[in-house]
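Mind the numbering: the sequence shown is residues 1 to 543 in UniProt numbering, read in order. We put the beta carbon where it would ideally sit given N, CA and C, even for glycine. Just so you know, these numbers come straight off a predicted model, no measurement behind them. Here the structure comes first, spelled out in structure tokens, and everything after it is commentary.
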Amino acid sequence: MRSIKALQNALSGAGSYCRRGGWGHLSRSPLLGGGVRHHFSEAAAQGRETPHSHQPPHQDHDSSESGMLSRLGDLLFYTIAEGQERIPIHKFTTALKATGLQTSDPRLRDCMSQMRRMVRETSSGGLLDRDLFRKCVSRNIVLLTQAFRKKFVIPDFEEFTSHVDRIFEDAKELTGGKVAAYIPQLAKSNPDLWGVSLCTVDGQRHSVGHTKIPFCLQSCVKPLTYAISISTLGTDYVHKFVGKEPSGLRYNKLSLNEEGIPHNPMVNAGAIVVSSLIKMDCNKAEKFDFVLQYLNKMAGNEYMGFSNATFQSEKETGDRNYAIGYYLKEKKCFPKGVDMMAALDLYFQVGLPAKSAVSGAILLVVPNIMGMMCLSPPLDKLGNSYRGVSFCQKLVSLFNFHNYDNLRHCARKLDPRREGGEVRNKTVVNLLFAAYSGDVSALRRFALSAMDMEQKDYDSRTALHVAAAEGHTEVVKFLIEACKVNPFVKDRWGNIPLDDAVQFNHLEVVKLLQGYQDSYTPSETQAEATAEALSKENLESMV
């Protein structure tokens, strides 16, 4: 049996092999359902064809790859077993869910079916030894290895979802807003419904609240039908009939841009035109089936239905959209030969109402990270979910998901894409290097962003230790006068910053630190720090 060190090396090598294989983020998402592509190693493990399967087999390469997959399976077993000879299946599934993967993930179908079969055919009582475990995970070993190595887009998924759950509970207490009443079917919605689901580009999923109750997508389907048209017809063709710029007008306004086409696919006029482009050579029933199947595929082949009652309710109350349709027909905005009424029928069938997110749904996309859906029927004055808007605002205020958050150093916000240790280590390194190089400007930025200026490295040395040892008078002044850091922190050798200044004969720094130590009082500093934090928070809000 190979040593753990050897297995770790093999695991590290497999990670780089996976990256070279170009296993793109989108191909990993369960939103792509049956079309999910696997990395070459997984394809080989499952005996499926690959782009190079027509080439003559290389026995040495096959045996080498087989050995690598076997070693990965061993290491994965040791990681989960924690010294035990056998793993309870429930322990494996619990550990799996902690990474964000669900047992219902279509990519893990083989693994889960193997485990269920093992339970039926063996007398192990739901326990897996090393050999049985390897057999179960062999076809999904690359995906599972990535998950347990925390190489997904959100490494610490449990911590991230704990923040999401807390924001969810805060929003749950809100009671504002009213359920939309002008569409009879939607007026029956339960105002107490509140649910949030998310899925990352790596297929990590989390749901909280009322997430098993069907609801109408309504205007949240606009970007999805736009994506369908782009995928089937191409960007250039679609944008011959619809623009891509904001209109500055209400979503249901009868208005076209200077080119005589709807401003964008997210307003009602644009969405109607986009609906007309889908499967133009098919009848209404065929179009509907195509769109529903496509949406079902995007949802990972999970539940996707159609509410005929809402459809009829929309048709009876959708006078504004009929007016928009006739206006578009008059201005010749539809492709030649397209039936305007058929386009309107498809527009209603996929769930688009006369008001944005009138069902209380909000579809949120964090580019290259995740998609998120919120549902709460009570709407604010602008027609958006009251709880959903609050949830999204708090999410952006807690995590650095905003487009502008990365343009400046912002230690106040959390970055779920980094492991906890990585974030902490990076801030310590930046802080100590700024002190080492005498960069007072950088230290000011760090202090302004509410960074802890007393952070320690692995030798328990602070920025004040480093600045005192290097004799950077201006840095020392800033740390003791503006930041009020503790001058009595001892490093691993028992030295305080003053000891370093004395040792390296920086007399001016010695004088500064001696005077500061004489007047330093922790209780006073704590009060000042609190006041300063409030001041920084106000400044941050203004920025």
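For the alpha helix (DSSP H) containing residue i, name the first residue and the last one.
i      : result
CYS374 : Element bounds for CYS374: not the alpha helix (DSSP H) but the beta strand (DSSP E), 370-375.
GLN218 : Taken as a continuous stretch (DSSP letters only), GLN218 belongs to no alpha helix (DSSP H), as it is neither H nor E.
PRO487 : It is not in any alpha helix (DSSP H) - PRO487 carries neither H nor E in the DSSP assignment.
TYR294 : 284-298
LYS511 : 507-519
ASP452 : Taken as a continuous stretch (DSSP letters only), ASP452 belongs to no alpha helix (DSSP H), as it is neither H nor E.
ARG465 : Looking at the sequence provided, one finds His at residue 465 rather than Arg. Element bounds for HIS465: 463-470.
Below 8 Å on the Cβ atoms is my contact criterion, and I expect residue i with residue j to pass it. Report the Cβ-Cβ distance as a whole number of Å.
i           : j      : result
VAL485      : GLU454 : 5 Å
TRP194      : SER376 : 5 Å
VAL358      : ILE183 : 7 Å
VAL238      : ILE230 : 6 Å
LEU513      : ALA468 : 7 Å
LEU69       : SER138 : 6 Å
residue 544 : LEU174 : Since the first and last residues shown for the chain are 1 and 543, residue 544 lies out of range.
VAL489      : ASP457 : Not confirmed; about 12 Å, so no contact.
LEU464      : MET451 : In fact, because the Cβ distance is near 14 Å, the residues do not count as touching under 8 Å.
TYR386      : GLY209 : With a Cβ gap of about 15 Å, TYR386 and GLY209 do not count as contacting.
GLY383      : ILE362 : That belief does not hold up - the Cβ atoms of GLY383 and ILE362 are roughly 11 Å apart, past 8 Å.
ILE167      : LEU395 : 6 Å
VAL466      : ALA501 : So it is not a contact: roughly 11 Å between Cβ atoms.
Less than 7 Å between C-beta atoms, sequence neighbours within five positions excluded: which residues of the same chain meet that for residue i?
i      : result
VAL440 : GLU474, VAL475, PHE478
ALA447 : MET453, ALA482, CYS483
ALA81  : ILE87
MET115 : ILE89, CYS136
ASP129 : GLU85, ARG86
Would you identify the three-state DSSP class for residue i, choosing helix, strand or coil?
i           : result
SER359      : coil
THR200      : strand
PRO106      : helix
ARG205      : strand
LYS477      : helix
VAL366      : strand
ILE228      : helix
residue 560 : A query on residue 560 cannot be resolved here, the shown segment of the chain reaching from 1 to 543 and no further.
SER255      : coil
SER307      : coil
ILE4        : Below a pLDDT of 50, predicted positions are generally treated as unreliable, and ILE4, at 33, falls in that range; the measurement from the model is reported next regardless. DSSP places ILE4 in helix when its eight states are reduced to three.
PHE160      : helix
PHE446      : helix
LYS381      : coil
PHE399      : strand
PRO88       : strand
LEU101      : coil
GLY195      : strand
GLY438      : coil
Alpha carbons only, please: which of the options is nearest the one belonging to residue i?
i      : options                        : result
ALA171 : GLN393, ALA469, SER197         : GLN393
ALA482 : LEU443, PRO262, PHE288, ASN296 : LEU443
LYS212 : GLU302, GLU169, LEU414         : GLU302
CYS111 : ALA98, ARG134, MET304, HIS239  : ARG134
THR225 : ILE261, ASN257, ILE272, GLY100 : ILE272
LYS244 : THR94, GLU259, PRO265          : PRO265
ARG418 : ASP129, ASN257, LYS151         : LYS151
ASP415 : ILE369, ALA285, VAL137         : ILE369
GLY73  : GLU286, VAL119, PHE148, MET118 : PHE148
VAL242 : VAL291, PRO262, LYS178         : PRO262
LEU364 : ASP281, LEU108, ALA81, VAL221  : VAL221
ARG86  : LYS97, GLY360, GLY126, MET115  : GLY126
GLY234 : ASN268, LEU132, LEU277, GLY270 : LEU277
ASN505 : TYR520, ILE496, THR521, GLU470 : GLU470
VAL142 : LEU108, LEU398, ASN268         : LEU108
Short of 6 Å in beta carbon distance, which residues of its chain neighbour residue i, apart from the five on each side in sequence? Order them along the chain.
i           : result
PRO30       : Confidence at PRO30 is low in this model, with a pLDDT of 35, below 50, so the placement of that residue is unreliable and no value is reported for it.
SER197      : SER207, THR211, MET373
PHE401      : VAL366
HIS54       : Below a pLDDT of 50, predicted positions are generally treated as unreliable, and HIS54, at 42, falls in that range; the measurement from the model is reported next regardless. If we look at HIS54 and ignore the five residues flanking it on each side, it has no Cβ neighbours.
residue 544 : Residue 544 lies beyond the residue range present for the chain, which begins at 1 and ends at 543; the question has no answer from this structure.
ARG205      : GLN102, CYS199
SER307      : CYS216
PRO56       : For PRO56, the pLDDT reaches just 47, beneath the cut-off of 50, and the residue's location in the model is therefore unreliable, leaving the point undetermined.
GLY100      : PHE157, GLN204
ALA187      : ALA181
HIS472      : GLY438
THR161      : HIS206
VAL119      : GLY126
LYS279      : LYS287, PHE290
Leaving aside the five residues before and after residue i along the sequence, list all residues of the same chain whose C-beta is less than 8 Å from its C-beta, in chain order.
i      : result
LEU498 : ALA468, PRO487, VAL510, LEU513, GLN514, GLN517
Is it the case that the CB of residue i approaches a heavy atom of the ligand HEM more closely than 7 Å?
i      : result
CYS483 : Although the ligand HEM was asked about, the structure shown includes no ligands whatsoever.
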